[in-house]
Amino acid sequence: MSTLVPPTQPESYAKKKNYTFEKTLGKGTFGVVRSATHRRPDGTKEPVAVKIISKHLLKGHEETVMREIEMVQSLDHPHIVKLIEWFESKDKVRVHRLHEFYLVFEAASGGELFDRLARGRFTERVACRTIHVVLEAINYMHHHNTVHRDIKPENILYRSEAEDANIVLVDFGIATHLRHQNDTNLHDMCGSIGYAAPEVVAKKHYGKQVDMWGLGVVTFCMLCGYAPFSSADPALFRRQVECAEIKFDQKYWATVSDEGIDFVKRCLTRDPDARITSDEALQHPWFRLLDDTQQDDAHDIGAGIRENYRSRWKSAVATVRATQRFQTVGEVVKANAERAAHGEPPSPLFSDDEDEYFAAATSQATPQDRPTNQNSADTPTSWAGLMARLHSLVHGS
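Residue numbering for the sequence shown follows full-length UniProt numbering, beginning at 1 and increasing consecutively.
In structure tokens form, the structure reads like this:
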């Protein structure tokens with residue numbers, strides 16, 4: 001009678017025994033992120049976040065994980081997430097198939113940027129300080145020939161719940177290295193709807209300036225609480241982005257400084273060659289606000305975020321977050337083929353037609369999702385309606 005031999009695990013699999021896995025923090029096309037507790041060799045414990053990536057969904061694209069690992073390991077900055085270690089396991093059933101990658105990151109338990117800001121009052125100086133910190137991380141990356149390509153509020157986290165907690169930039173899954181400082185030969189259509197630069201949306205070659213555009217969108221949202229591009233018509237939405245058609249609604253911008261508005265405009269410049277660089281941005285006059293302590297008692301600019309980023313917006317975003325990033329069409333098609341081969345449903349990126357995806361992401365929002373301004377006939381749409389509409393299209397609700 002033959003004896004069943006347990007599958008051989010990769011040597012690094014032993015590391016998994018040092019982790020106690022807890023709740024799921026988020027889900028994506030190729031896996032999940034879970035909180036966990038790491039037991040160190042000396043017996044002490046530390047909270048961590050573990051990105052668990054399914055290898056059978058990644059088949060043929062395993063190098064993308066290795067690229068992310070190498071990317072984060074090559075960066076050492078106080079405001080960039082740190083990779084503690086990584087390992088892989090083998091499926092106990094599919095003996096000959098490596099099953100999962102585990103990427104262990106430092107925990108950032110303080111929540112997302114807008115979650116924190118929506119809790120209460122904050123001033124332009126707070127926004128200025130926050131953007132300055134993110135800009136320092138971007139500037140460091142750019143000097144190391146690295147482009148993040150997905151700068152957005154969900155990727156800006158606080159390390160802890162403390163009032164003075166540090167900010168950390170996360171998710172380098174689609175980050176990439178440039179061949180040299182002035183390399184503009186990237187061409188993959190990747191990023192997130194609403195944060196991707198005009199050159200990406202127009203399917204042109206691009207470089208590190210896409211990160212400055214993303215930072216501009218984040219700054220815009222922080223200072224007023226609504227998105228700069230929000231047409232219900234997909235063709236118009238794309239035109240708004242490609243032409244950088246931005247409107248500053250007086251209801252939300254009246255108390256923002258001229259320097260703050262100028263910073264946003266410099267980041268959201270259509271031509272990437274004319275767009276402000278990270279070096280130039282660090283010298284922008286807006287950051288003189290950091291030395292003005294009187295601004296601590298200035299006007300509360302958080303009304304827009306509290307009004308437009310309420311709980312139902314968060315619930316819609318939580319449901320469709322995996323769909324918000326639009327990767328190259330080839331990746332999605334291959335991933336869905338793998339899912340079908342294993343009897344799994346397709347990725348929420350439901351179409352290989354980029355125009356249809358844009359149409360879903362920019363469909364009509366309900367009137368209550370719009371910032372109210374009786375004096376404006378063309379009031380900007382918040383992300384609440386856009387995300388809720390996308391959710392209904394994907395899930396048929």
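For each residue, glycine too, the CB sits at the ideal point set by N, CA and C.
Would a C-beta distance cut-off of 9 Å place residue i and residue j closer than the cut-off?
i: N18; j: R34; result: no
i: I174; j: D211; result: no
i: V147; j: L186; result: yes
i: V170; j: L157; result: yes
i: P228; j: I246; result: yes
i: W286; j: D249; result: no
i: A137; j: H77; result: yes
i: M71; j: T184; result: no
What is the DSSP secondary structure of residue i, reduced to helix, strand or coil?
i: F114; result: helix
i: R39; result: strand
i: A108; result: coil
i: K82; result: coil
i: Y195; result: coil
i: A163; result: The sequence shown places Glu at residue 163, not Ala. If DSSP states are grouped into helix, strand and coil, E163 belongs with coil.
i: T176; result: strand
i: T146; result: strand
i: H99; result: strand
i: S89; result: strand
i: L135; result: helix
i: L268; result: coil
i: I305; result: helix
i: M1; result: The predicted position of M1 is uncertain, since its pLDDT is 47 and thus under 50; no value can be drawn from it.
i: V170; result: coil
i: H187; result: coil
i: V48; result: strand
i: I151; result: coil
i: I261; result: helix
Leaving out five residues before and five after residue i in sequence, what residues of the same chain have Cβ atoms less than 8 Å from its Cβ?
i: N139; result: S278, D279, A281 and L282
i: E22; result: R34, S35, A36 and T37
i: H305; result: In the sequence under discussion, the amino acid at residue 305 is Ile, which differs from the His named in the question. Here the set comprises F114, L117, A118, C221, M222 and G225.
i: V65; result: I53, L58, F101 and L103
i: A162; result: G110
i: D292; result: R125
Which same chain residues end up closer than 6 Å to residue i when comparing Cβ atoms and leaving out the 5 residues on each side of it in sequence?
i: I131; result: T219
i: Y108; result: Reading off the sequence shown, one finds Ala at residue 108, where the question assumed Tyr. For A108, where only same-chain residues beyond five positions count, the Cβ hits under 6 Å are L157, R159 and V168.
i: V133; result: H79 and I167
i: H142; result: K208 and S278
i: G191; result: R149, D150 and V200
i: E154; result: E112
Assuming residue i and residue j form a contact by the criterion Cβ under 8 Å, report the distance between their Cβ atoms to the nearest whole angstrom.
i: G260; j: E112; result: At roughly 22 Å, the Cβ-Cβ gap does not stay under 8 Å, so G260 and E112 are not in contact.
i: I101; j: K55; result: For clarity, residue 101 is Phe in the given sequence; the question names Ile instead. Indeed, because the Cβ distance is near 6 Å, the residues count as touching under 8 Å.
i: L215; j: L289; result: Contact flag wrong, Cβ pair sits at about 16 Å.
i: L83; j: F105; result: 6 Å
i: E68; j: F172; result: 5 Å
i: F122; j: I276; result: Rounded, the Cβ-Cβ distance is 24 Å, inconsistent with contact.
i: K152; j: Y206; result: No, K152 and Y206 are not in contact; Cβ-Cβ is about 17 Å, not under 8 Å.
i: E85; j: K16; result: The pair is not a contact, with the Cβ atoms about 11 Å apart (cut-off 8 Å).
i: K204; j: M189; result: Incorrect: roughly 10 Å between the Cβ atoms, too far for contact.
i: T24; j: V32; result: 5 Å
i: H299; j: T255; result: 4 Å
Going by beta carbon distance, what residues of the same chain come within less than 7 Å of residue i, once the five residues before and after it are set aside?
i: P198; result: V241, E242, A244 and R270
i: R129; result: L290
i: Q73; result: L83
For the ligand NAP, is there any heavy atom lying closer than 8 Å to the beta carbon of residue i?
i: S231; result: As presented, the structure is devoid of all ligands, the ligand NAP included, so that no description of it is given.
* Sequence ranges, beta strand (DSSP E) only - wholly within the stretch 227-254, length at least 3 -> Segments of the beta strand (DSSP E) lying fully in the stretch 227-254: there are none.
* Asked: At which residue ranges does the stretch 13-37 contain complete beta strand (DSSP E) runs of 3 or more residues, listed in the order of the chain?
  -> Listed in chain order, they are 19-27.
* Asked: Mind pulling the alpha helix (DSSP H) runs of 4 or more residues that sit fully within the stretch 50-82?
  -> The qualifying runs are 55-58 and 63-73.
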